[in-house]
Amino acid sequence: MSLPSPRLLHPPLLTFINLLSHCQNISHFKLFTSQLIITGSFPPEKTQLEAFLSHCFHLGTPQLALSTFNLIKKPNLYLQNLLIRSLCDHGLYEDVLYVYKRCQLYGCLYNNYTFPFVIKACSCLGSVKIGERVHCKVWKSGFVGNVFVQTGLVDFYAKIGEMRKARLVFDEMAEPDLVAWNALISGYSLQGFYEEVFEVFREIGLRGLKANVSTLASVLPVCSRLGEFCVGVSIHGFALKCGYLLDENLIPALISVYGDGGNLSVARDIFDCLPQKNVTIWNAMISAYTQNQNSEDAFVLFRKMLQDDVQPNVVTFVSIVPACKSFGIICGEAIHACVLVRGYENQVSVATVLISMYAKLGNVDSAKFISREIPQKNVLTWNSIISGYVHNRCWGESLATFHEMLSEGSDPDAFSIVTVLSSCSKLGATLLGKSAHAFSMKKWVNSDLNVSNALLAFYSDRNDMISASKLFQKMPITNVISWNTLISGFVHNGEYKNAVLLHHQMHQNDMDMDLVTLISILPCFHEAEDLVQGRPIHCCAIKRGFTSDVTLANALISMYVNCKELVAGKLVFENLRARNVISWNALITGYRHHNMQNEVMHLFDQMISEDQKPNYVTLLNVLSLCYTQMQGKSFHAYAVRAGFLLETPFLTALMLMYTRFGNLKCCRLLFQMGERSNISLWNTIISAHVETNYADAAVSFFSELLRSDMEPDYVTVLSLTSACIQLNDSYLTNSTMAYIIQKGFDKDVAVSNALIDLYARSGQITFSRMIFDRMFQKDAISWSVMINGYSLHGDSETALALMSQMRCVGFIPDDITYVSILSACSHAGSVKQGQIAFNSMVEDGIVPRMEHYACMMDLLGRSGNLDEALKLLKSFSYKPSANILESLLGSCLVHGNIEVGEEIGGLLLEMKPETSGPYVVLYNLYAAAGRWTDANRVRSEMERMQVPKVPGYSLLGRTGTSL
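Rendered as structure tokens:
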């Protein structure tokens, strides 16, 4: 086709328009423009320019229109508005602002048709400052009352997140139309003000306006986010009534609502009712399947989409890639190939989901490769990389990536900080975690509730409950997760009182407690007196319907058995329908702690009969209660079949079991099987030899431990100290002391206590006292061990003086301390001091045990206070042992006390009538007093009972002689 060439320099308007009408495509239009330039008719006159610019946009050459406009020195208002409107319709918002600024430089005017398009460009570009300047000019020029301008301003402020200003502009509108209402709803929805969305939606109905498709499309996503699916169904009905149901802009929103509500069948029915579907509708249905973990249907639909020649876009791949984790790495690589074929690999959103997909499938190398290929990463991409490392336990790499993110100038968001804090917790990186806290404060991210909760968890994990408490008190907003995190932190760190106080405070603040709250607080109640607080928690769980939860039931079982309410614990266990191995372990552990061996074994048998597979914790419980070595071996065999044997805690439990039966051969075999890099294994084998009195072998194992470059811990040193006590070798003792000081173990209280005992037993009481006096921190055991040392040396005065000092510094002597004191008094013959100590023990609320009575009987018997001894004997709350009676009877013989001797002898003969010892002592007692009739009566009774007399023997000769 040839174009008529313009013959005039500036052809008349009709001629010019006629020539333009022949330009039906871009090539013709470019040829026409070239002819204008050649003839000097370019740019056209102002009267012709409007038609020329309009034709530029009609043929899709906005840049030609823009370059032509730039040639005009003084554009008029009409041409300005024409170009701004046309550029805005083509989405060229930056060019819109350029034209607007240029026209203002030349003093061009503006009217109602100028500002709406300029404001729209500012909205789309997020140009806050320019938009605010335009708003000022609107005020100055008097166009503030124009509904189109006001609607544009509402949309602008809504999109930049200034909803307060958007509402102010909206409220100034005399008669806002539906477009303005839609702009307000869209803004509230976009900025997360979901309750306001519903309020505006209701107000639209009250104003008599009929919601259109845009209105419903803005409200439906809010129904999903708030979980108001009933409202979504109502809107669906309204759309059906209004005839909007087949609108392609509304269908994706409806599918998403039903998909988010888990009603995939209705979502699929809506999807299937459309004969023609665009890619947005396909994407909505695929996304609904993926979000509901229905990966198989998502892939079936994706395949059908390709078969129907619907080309997937970026959103399609963002929706389908997360479904790959259900099918494995091969499926993920296949989708990745589709992305490459269609050229979407450089799209940041697609690359981000691919990184996440590979990370979740454990292919960190592929995730790294994709991340390196992305030229410009946004915060979502960085977060995907960092969280991928965290998912694969690559804590160090996640922190390095976060540092790289900062160095490239990308601003982390709340999710970034939460993920990094998780890595800091796992690495124990306290300083880095505090740095992340400081960074979040600098960027004002710490005001985010999720960040605050993550910081609470971080400080709790690092046992820094002071910082966690301060942070909690400063939080402007808290939720149940915040309270639960702090409560569990207190419980984890053993601060039960603080946890209970916080729980009460939570109740006073009307904070709704959830299942996690109850599970977190229950470990605080582990003593009999705690049941008063523990039972209301159980009642609360019943009231809220949580008792069917197996985790809570397990916590309740543990609480009851720890508080010695075994019947209540068993009742909770029996009422639990879905028991797991933890349920059985909780009850078995409770029975074991209360030495109920038969019940433990019965529960274990019941567990096996109900096809509940025990774990190694179960076996740890039953191993310690084995009656015979054969029974222990049967559990050993079961562990071998179940595959638990290589678990170090179970190996050590087996070694301890064999140690109880003196089978060191099996202990050594198990030690050879274990992981030598675990210090607990070495500690067990060393203590096993100490307990079986093979101290030399224990020292040899310790030497082997040092040669293996393993670092002993304080438990190892305690076992070594016990070996030194058995060997009583001064050279070994001093060498052990030197090693302990060199390694710094002497700062541990338990080790220092063991050293005090070691030197006291080896006769060096002065050195023991020096260690005791130099201890920076002492516990009750420290005082008891030192007192026992003086007891072993018969120094009752110093022992008693030390007990007085012990009371002065706030330590109450326990029953073991009193055994040492009474023993010292007995060895020294300090009757009065012994009686004072015994009475003091009773006043302290300590129930005397047989050891205390034995010491008092020995003390009173040696000193000749046999009447007092008999009186104390009759006050026993249980039957005295034969050893106590024999010792007391011997004292009666020494001191010639026939009356007490007769009574004690009678008790002893009732207890041991077949033993000759009591008969002989009574005979000698009567003989010494000249009461031969009674003496002969005892001899006759002995002969009548046919009690054999044990012959005496001499250490100097071989011939035995009768007594």
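So in our numbering, spot 18 of the sequence shown is number 4, and the numbers just go up one at a time.
Where is the CB? At the ideal position from N, CA and C, for every residue including glycine.
Because the structure is a prediction, the values reported are computed rather than measured.
Legend entry - Sequence-distant residues of the same chain with beta carbon closer than 7 Å to leucine 609, five excluded per side: Walking along the sequence shown from the start, residue 609 turns up at place 623. Closer than 7 Å at Cβ, skipping near neighbours: Gly618, Phe621, Ala639, Leu640 and Met643.
Inset, instruction - Just mark methionine 391 as buried or exposed, buried being the case when its beta carbon has 16 or more other beta carbons within 10 Å. - result: Reading the sequence shown from its first residue, position 405 is the one you call residue 391. Looking at its Cβ environment, which holds 16 or more other Cβ atoms inside 10 Å, methionine 391 is buried.
Inset, instruction - Determine the extent of the alpha helix (DSSP H) in which tyrosine 330 is found, giving its start and end residues. - result: The residue given as residue 330 occupies position 344 in the sequence shown. No alpha helix (DSSP H) holds tyrosine 330; DSSP gives it neither H nor E.
Legend entry - Proximity below 7 Å, CB of isoleucine 272 to CB of isoleucine 306: Counting from 1 along the sequence shown, the entry for residue 272 is found at position 286. Counting from 1 along the sequence shown, the entry for residue 306 is found at position 320. Against a cut-off of 7 Å, the Cβ pair of isoleucine 306 and isoleucine 272 comes out as a contact.
Legend entry - DSSP state of leucine 154 mapped onto helix, strand, coil: Start at 1 with the first residue of the sequence shown, and residue 154 comes out as number 168. Three-state result, leucine 154: helix.
Inset, instruction - Report yes or no: do the region 859 to 874 and the region 812 to 828 share at least 3 C-beta pairs separated by less than 8 Å? - result: no
Legend entry - CB of serine 281 within 7 Å of CB of alanine 239, strictly: Residue numbering aside, residue 281 sits at position 295 when the sequence shown is read from its first letter. Residue numbering aside, residue 239 sits at position 253 when the sequence shown is read from its first letter. It is not a contact, given that the beta carbons lie outside the stated cut-off.
Legend entry - Reduced DSSP secondary structure (H/G/I, E/B, other) of phenylalanine 313: Stepping through the sequence shown from its first residue, residue 313 is reached at position 327. It is coil, neither helix nor strand.
Inset, instruction - Whole angstroms is fine: what's the gap from alanine 107's alpha carbon to phenylalanine 476's? - result: If you number the sequence shown from 1, residue 107 lands on position 121. If you number the sequence shown from 1, residue 476 lands on position 490. Going by the C-alpha atoms only, they are around 54 Å apart.
Legend entry - Contact set for threonine 331: own chain, Cβ-Cβ below 7 Å, skip 5 residues either direction: Counting from one through the sequence shown, the residue named residue 331 turns up at place 345. Before going further, note that residue 331 is glutamate rather than threonine in the sequence given. Within the same chain, glutamate 331 has close Cβ partners Val325 and Ala337.
Legend entry - Segments of 4+ residues assigned as alpha helix (DSSP H) that fall wholly inside the region 848 to 901: 852 to 860, 868 to 881 and 884 to 897
Inset, instruction - Express the C-alpha separation of asparagine 607 and threonine 670 in angstroms, rounding to a whole number. - result: Taking the sequence shown and counting its residues from 1, the one referred to as residue 670 is at position 684. Taking the sequence shown and counting its residues from 1, the one referred to as residue 607 is at position 621. One C-alpha to the other measures close to 17 Å.
Legend entry - In chain order, each beta strand (DSSP E) run of at least 3 residues that lies wholly inside the region 636 to 667: none
Legend entry - Residue closest to aspartate 781, alpha-carbon to alpha-carbon, out of Ile807, Met761 and Arg793: To locate residue 781, count along the sequence shown from 1; it is residue 795. Residue Ile807 is the option with its Cα nearest to aspartate 781.
Legend entry - Assumed close pair tyrosine 482, cysteine 525 - CB separation to whole angstroms, cut-off 8 Å: For the purposes of this step, residue 482 is taken as residue 496 along the sequence shown, with counting starting at 1. For the purposes of this step, residue 525 is taken as residue 539 along the sequence shown, with counting starting at 1. That pair is no contact at about 20 Å.
Inset, instruction - Please go through the same chain and pick out, in chain order, the residues whose beta-carbon is closer than 7 Å to the beta-carbon of alanine 736, but skip the five residues on each side of it. - result: As a first step, residue 736 is located in the sequence shown; it is residue number 750 there, counting from the start. Same-chain partners within the cutoff: Tyr700 and Leu704.
Inset, instruction - Confirm, please, whether the CB-CB distance from alanine 160 to valine 140 is below 7 Å. - result: Your numbering for residue 140 matches position 154 in the sequence shown. Your numbering for residue 160 matches position 174 in the sequence shown. Taking 7 Å as the Cβ cut-off, valine 140 and alanine 160 do not qualify as a contacting pair.
Legend entry - Span of the alpha helix (DSSP H) around asparagine 369: As a first step, residue 369 must be located in the sequence shown, where it is residue number 383. Taken as a continuous stretch (DSSP letters only), the alpha helix (DSSP H) holding asparagine 369 covers 365 to 377.
Legend entry - leucine 611 versus glutamine 583 - alpha carbon distance: Taking the first residue of the sequence shown as 1, we reach residue 611 at position 625. Taking the first residue of the sequence shown as 1, we reach residue 583 at position 597. Taking the straight line joining both Cα atoms gives about 6 Å.
Inset, instruction - Consider the C-beta atom of alanine 320 and the heavy atoms of the ligand GTP; say whether any pair is separated by less than 6 Å. - result: Judged by which ligands are present, the structure shown has none, so any question about the ligand GTP falls away.
Legend entry - Start and end residues, alpha helix (DSSP H) containing glutamine 598: Within the sequence shown, the letter at position 612 stands for residue 598. Where glutamine 598 is concerned, there is no enclosing alpha helix (DSSP H), given that its DSSP letter is neither H nor E.
Legend entry - Between the CA atoms of alanine 681 and leucine 713 - distance to the nearest angstrom: Start at 1 with the first residue of the sequence shown, and residue 713 comes out as number 727. Start at 1 with the first residue of the sequence shown, and residue 681 comes out as number 695. Leucine 713 and alanine 681: Cα-Cα distance of roughly 7 Å.
Legend entry - Pick from Gly414, Glu596, His838 and Cys653 that is closest to glutamine 615, judged by C-alpha positions: Within the sequence shown, the letter at position 629 stands for residue 615. It is Cys653 whose Cα lies nearest to the Cα of glutamine 615.
Inset, instruction - Keeping to the same chain, check which residues put their C-beta closer than 7 Å to that of tyrosine 804; ignore five residues upstream and five downstream. - result: Position 818 of the sequence shown holds residue 804. Taken in chain order, the residues that qualify are Ala823, Met827, Ile832 and His838.
Legend entry - Residue range of the alpha helix (DSSP H) that includes glutamine 763: One-based indexing of the sequence shown puts residue 763 at position 777. Segment: none, glutamine 763 is in no alpha helix (DSSP H) and carries neither H nor E.
Inset, instruction - To the nearest angstrom, report how far apart glutamate 929 and glutamate 900 are at their CA atoms. - result: Numbered from its first residue, the sequence shown carries residue 929 at position 943. Numbered from its first residue, the sequence shown carries residue 900 at position 914. One C-alpha to the other measures close to 11 Å.
Inset, instruction - Below 7 Å CB to CB, which residues in the same chain sit around alanine 253 once its five sequence neighbours on both sides are set aside? - result: Sequence index remark: in the sequence shown, residue 253 carries index 267 (1-based). Ile241, Tyr244, Gly245, Met271 and Ala274.
Inset, instruction - Could you tell me the distance, in whole angstroms, from the CA atom of lysine 428 to the CA atom of aspartate 434? - result: In the sequence shown, the residue the question calls residue 428 occupies position 442. In the sequence shown, the residue the question calls residue 434 occupies position 448. Computed Cα separation, rounded: 13 Å.
Legend entry - Inside the region 563 to 604 only - alpha helix (DSSP H) runs reaching at least 4 residues: 567 to 579 and 583 to 595
Inset, instruction - Buried or exposed for lysine 1015, please, with buried defined as at least 16 other CB atoms from any protein chain shown within 10 angstroms of its CB. - result: Here the chain covers residues -13 to 949 and nothing more, so residue 1015 does not appear.
Inset, instruction - Determine the contact status of serine 396 and tryptophan 368, defining contact as a CB-CB distance below 7 Å. - result: For the purposes of this step, residue 396 is identified with residue 410 of the sequence shown, where counting begins at 1. For the purposes of this step, residue 368 is identified with residue 382 of the sequence shown, where counting begins at 1. Their beta carbons are under 7 Å apart, which means serine 396 touches tryptophan 368 by this criterion.
Legend entry - C-beta contact flag for threonine 405 and serine 373 at 7 Å: On the sequence shown, residue 405 is found 419 positions in, with the first residue counted as 1. On the sequence shown, residue 373 is found 387 positions in, with the first residue counted as 1. Taking 7 Å as the Cβ cut-off, threonine 405 and serine 373 qualify as a contacting pair.
Legend entry - Terminal residues of the alpha helix (DSSP H) in which proline 361 lies: Residue mapping note: residue 361 aligns to position 375 of the sequence shown, counting from 1. From DSSP, proline 361 is part of no alpha helix (DSSP H); its letter is neither H nor E.
Legend entry - Distance between valine 265 and phenylalanine 55 (C-alpha atoms, nearest Å): Against the sequence shown, residue 55 aligns to sequence position 69. Against the sequence shown, residue 265 aligns to sequence position 279. So the two alpha carbons sit approximately 38 Å from each other.
Legend entry - glycine 178 vs alanine 152 beta-carbon contact at 7 Å: Numbered from 1 along the sequence shown, position 192 holds the residue referred to as residue 178. Numbered from 1 along the sequence shown, position 166 holds the residue referred to as residue 152. Going by C-beta atoms, glycine 178 is not nearer than 7 Å to alanine 152.
Legend entry - Nearest residue (CA-CA) to isoleucine 870, options Cys209, Lys898 and Glu885: For the purposes of this step, residue 870 is identified with residue 884 of the sequence shown, where counting begins at 1. Of Cys209, Lys898 and Glu885, the residue nearest in Cα terms is Lys898.
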